[in-house]
Every structure is written in C-alpha cells, then in structure tokens.
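Chains as they are written, first to last, in my numbering: chain A, 189 to 301; chain B, 449 to 562. Since the structure comes first, as structure tokens, the remarks are kept for the end.
Right, here's the structure in full:
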C-alpha cells in the first residue's frame, strides 16, 4: 500500500538548470495534482489532471510543465529553474466521484541557488 | 471562487489544555471541508472531513470539528492537548465538481508546552 510516491525527496538546482519531479500513485485514482508549499502561504495548485492525457493549469503554473501519459504517473517538469521556485512540492491524488479526500506524497524539497 | 481563512498562524497551548484552531471558508456551493495535519518534513495527513452528513465530525487522534453554516466556520478542537499534537494544521475546502482541487488556508502551527 504505497499510496502516492514522490522522488526525489531533496534536490538542489542551479539557476537555469532543468529537472523533473516524479510522482506515481498505485490507487488507480483519476485526479492528480501538484501543489507547492511556501512558508506562511499554505499550498497553491500548480497543475492538475483529471485523467490520462488530460492536464490543465492551476493558480501558479508559470515555469512548470506536466504530462499524464498513464493513470499512475504525473511528472512535473521545471525547464529553467529560478530562485522563486525554491519550495516544497507535493503531489496528490483523488479518486473519481464522491466526497473523498486527497492523498498526498511526502514532498520534494527543492532549493534553487 | 473559494477561499479559506485560518485565524492565527501560531497557537501555543499547555499540555492538557483545550486546543482550538479556527477556520472560516467561503464557497458558492455546499462545501466539502477538511483538516489536514503536517508533521515536520512530512506530507499532509487527513485528520477529518465534512461531507454534508453530521455537522460534528470526529477525526483521528481525538480531534473533532463542527460545521456551522451560519458562521461559515469549521473550527478544529481537541479537549486535551498532547505533546505529540505539535504540528502544522491546514484547513481546506474542496470543489465538489470539475477539477475537485483543494483550496488551503495558510496554516496554523500548534505548539504544546509541557
């Protein structure tokens, strides 16, 4: 019962570098999300997906891209890292239908220097 | 658009004292409401959820919350704080249609003094 798994847990990037944050879930959930958490700000939605092949922007999408080729995987791509992207990133998933909660991964702490 | 306001970014209580963390929301439709807890360097764990059944919701670790529509509130309480309750707590409201994403409050850090 792995749930939502994120890798890596920690990463330091230099300005202008690129990286992909990996997220996979084994619960067959349709909905998947990427949030970023900044101190004192709660979590903000970056991108979301309602199913394989369907993605859309959240509130803070600039500087990020996503894809959803399978139900299980929802990677987040940073193309040109900037210091403003220093944050903790959480992936989450929710099943289709009903009043169910989101299940979260353990987070990726990213520092851009 | 939905929004969540958590009053008090930091709350400090003594061990054994009442815990009260405040949450007010705005939503144009009947909301689904959640409280999550985050321990240091961990992900978010669900404490409890309101989904239009009973207005008093009981969660894990002795926490409960009451949905008050007239006050648009969903405050979190625990009768007696334990040292292990020290963590950050987030109130969230869910869109029950469309993308079904969560809108979070800014969080309340709970300290428990011995």
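Even glycine gets a Cβ: it sits at the ideal position worked out from N, Cα and C. Remember, it's a predicted structure, so these values are computed and weren't measured experimentally.
Query raised in the report: Got a sec: which bits of the region 464 to 490 of chain B sit with their beta carbon under 9 Å from any beta carbon on chain A, in order along the chain?
Result: 480, 482, 484, 486, 489 and 490
Query - Under 8 Å (Cβ pairs) to chain B, residues found in the region 266 to 279 of chain A - result: 278
Query raised in the report: Could you check where the beta strand (DSSP E) with residue 234 of chain A kicks off and where it finishes?
Result: Within the first chain, residue 234 of chain A is the residue found at index 46, counting from 1. Element bounds for residue 234 of chain A: 231 to 239.
**Report entry** residue 289 of chain A at chain B interface by Cβ criterion, 9 Å
**Finding:** The count along the first chain starts at 1 and reaches residue 289 of chain A at position 101. Answer yes: the Cβ-Cβ gap between residue 289 of chain A and chain B drops below 9 Å somewhere.
Report task. Go through its chain and collect everything with a Cβ distance to residue 191 of chain A's Cβ below 6 Å, but skip five positions before and after it. Result -> Position 3 of the first chain, counted from the first residue, corresponds to residue 191 of chain A. These residues qualify, in order along the chain: 291.
**Report entry** Delimiting residues of the beta strand (DSSP E) encompassing residue 526 of chain B
**Finding:** Working through the second chain from its first residue, we reach residue 526 of chain B at position 78. Run containing residue 526 of chain B: 521 to 526, per the beta strand (DSSP E) assignment.
Query raised in the report: Where does residue 517 of chain B fall in DSSP's three states?
Result: Looking up residue 517 of chain B in the second chain gives position 69. Looking at residue 517 of chain B - three-state DSSP - the assignment turns out to be helix.
Query raised in the report: For the 8 Å Cβ check, are there 3 or more pairs between the region 254 to 274 of chain A and the region 203 to 217 of chain A?
Result: yes
Query raised in the report: Hey, is residue 450 of chain B's beta-carbon within less than 9 Å of any beta-carbon in chain A?
Result: As a position in the second chain, residue 450 of chain B is number 2, starting the count at 1. Not closer than 9 Å to any Cβ of chain A, the Cβ of residue 450 of chain B fails to qualify, so no.
**Report entry** Start-to-end residues for the beta strand (DSSP E) that takes in residue 458 of chain B
**Finding:** Counted from its first residue, the second chain places residue 458 of chain B at position 10. Segment 458 to 462, the beta strand (DSSP E) holding residue 458 of chain B.
Query raised in the report: Touching or not, the region 534 to 548 of chain B and the region 214 to 233 of chain A, by the rule of three or more beta carbon pairs under 8 Å?
Result: yes
Report task. Could you work out which residues of chain A lie near residue 538 of chain B, taking near to mean beta carbons separated by less than 8 Å? Result -> The residue you call residue 538 of chain B lines up with position 90 of the second chain. Going along chain A in sequence order, the residues near residue 538 of chain B (Cβ under 8 Å) are 230 and 231.
Report task. Please compile the residues from chain E whose C-beta is within a distance smaller than 9 Å of the C-beta of residue 238 of chain A. Result -> Annotation note: the requested chain E is absent from the structure, which comprises protein chains A and B.
**Report entry** Beta-carbon spacing of residue 196 of chain A, residue 296 of chain A below 9 Å
**Finding:** Residue mapping note: residue 196 of chain A aligns to position 8 of the first chain, counting from 1. Residue mapping note: residue 296 of chain A aligns to position 108 of the first chain, counting from 1. Contact: yes.
Query raised in the report: Would a check of beta-carbon distances place residue 259 of chain A closer than 9 Å to chain B?
Result: Taking the first chain and counting its residues from 1, the one referred to as residue 259 of chain A is at position 71. So no, residue 259 of chain A is outside the interface.
Query raised in the report: Comparing the C-beta of residue 555 of chain B with each C-beta of chain A, is any distance below 9 Å?
Result: Locating residue 555 of chain B in the second chain gives position 107, where the first residue counts as 1. At least one chain A Cβ lies under 9 Å of residue 555 of chain B.
Query raised in the report: When we look at the beta-carbon of residue 527 of chain B and count the other beta-carbons within 10 Å, is it buried (16 or more) or exposed?
Result: Taking the second chain and counting its residues from 1, the one referred to as residue 527 of chain B is at position 79. That one is exposed.
Query - Straight-line Cα distance separating residue 494 of chain B from residue 242 of chain A - result: By one-based count along the first chain, residue 242 of chain A stands at place 54. By one-based count along the second chain, residue 494 of chain B stands at place 46. Distance between the alpha carbons of residue 242 of chain A and residue 494 of chain B: 27 Å.
Report task. Express the C-alpha separation of residue 248 of chain A and residue 279 of chain A in angstroms, rounding to a whole number. Result -> Against the first chain, residue 279 of chain A aligns to sequence position 91. Against the first chain, residue 248 of chain A aligns to sequence position 60. Each residue's alpha carbon lies about 14 Å from the other.
Requested in this report: Mind reading off the beta-carbon distance from residue 213 of chain A to residue 260 of chain A? Whole number of angstroms is fine, and I expect it under 8 Å.
Outcome: Looking up residue 213 of chain A in the first chain gives position 25. Looking up residue 260 of chain A in the first chain gives position 72. The pair is a contact, with the Cβ atoms about 6 Å apart (cut-off 8 Å).
Requested in this report: Flag residue 293 of chain A as yes if its beta-carbon sits less than 9 Å from any beta-carbon of chain B, otherwise no.
Outcome: Indexing the first chain from 1 puts residue 293 of chain A at position 105. Chain B, which has a Cβ nearer than 9 Å to the Cβ of residue 293 of chain A, makes this yes.
Report task. Determine, using beta carbons only, whether residue 575 of chain B and residue 513 of chain B come nearer to each other than 9 Å. Result -> Nothing about residue 575 of chain B can be reported from this structure: the residues present for chain B run from 449 to 562 only.
Query raised in the report: In terms of residue numbering, what span does the beta strand (DSSP E) encompassing residue 280 of chain A cover?
Result: To locate residue 280 of chain A, count along the first chain from 1; it is residue 92. That run of the beta strand (DSSP E) goes 275 to 282.
Requested in this report: Look at the Cβ atom of residue 485 of chain B, then the Cβ atom of residue 536 of chain B, and state whether they are nearer than 9 Å.
Outcome: As a working mapping, residue 485 of chain B is identified with position 37 in the second chain. As a working mapping, residue 536 of chain B is identified with position 88 in the second chain. Cβ distance < 9 Å, so residue 485 of chain B and residue 536 of chain B count as in contact.
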